C-alpha cells in the first residue's frame, strides 16, 4: 500500500513539475485595453487577438462587428455602439 501511495505521489509531483516548466517556456504576452494579443513574432500578421464571446455590436463604415474587441482586432479605429442600420 505504501508503494502505491509513493508511486501516485511521485507521478503527481512529476506531472506538476512538467506543467510548471512548460508554462514557464511560453512567450510573454502584451495586453491592450479590450483584447489580448499574443506575440508569436514581430510581424503583425502573425499576431492573434483573443476576444470575449459577448455580443455587444459596434458599427464602423457600414460593417457590424460582434463587439469592440473584434473591431479593434480588425484594425478599426473609430466605431459607434450598436449594429449598423441596413
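Numbering (the numbering used here), first residue to last: 24 to 109.
Backbone N, C-alpha and C fix where the C-beta goes; we use that ideal spot for every residue, glycine too.
Everything numeric in this text was worked out from a predicted model, so none of it was measured.
Near residue i, which residues of its chain fall below 8 angstroms by C-beta distance, leaving aside the five closest residues on each side in sequence?
{"i": "residue 38", "result": "none"}
Could you pull the start and end residues of the beta strand (DSSP E) that residue i belongs to?
{"i": "residue 74", "result": "Counting along the chain, residue 74 falls outside any beta strand (DSSP E), and DSSP gives it neither H nor E."}
Given a cut-off of 8 angstroms, decide if residue j and residue i are closer than it, judged by their beta-carbon atoms.
{"i": "residue 75", "j": "residue 92", "result": "yes"}
Quick one: grab the DSSP three-state call for residue i.
{"i": "residue 83", "result": "strand"}
{"i": "residue 95", "result": "helix"}
{"i": "residue 101", "result": "coil"}
{"i": "residue 61", "result": "Low local confidence applies: a pLDDT of 44 at residue 61 is under 50, so the model's placement there is unreliable, with the coordinate-based value given in what follows. Three-state DSSP puts residue 61 in a strand."}
Relative to the ligand GTP, is the shortest distance from any of its heavy atoms to the C-beta of residue i smaller than 7 angstroms?
{"i": "residue 24", "result": "This structure lacks the ligand GTP; in fact it carries no ligand of any kind."}
Write down the C-beta distance between residue i and residue j rounded to the nearest angstrom, noting that I regard them as a contact closer than 8 angstroms.
{"i": "residue 107", "j": "residue 87", "result": "5 angstroms"}
Return the chain-ordered list of same chain residues with a C-beta closer than 7 angstroms to the C-beta of residue i, the five sequence neighbours on each side being excluded.
{"i": "residue 82", "result": "102, 103, 105, 106 and 107"}
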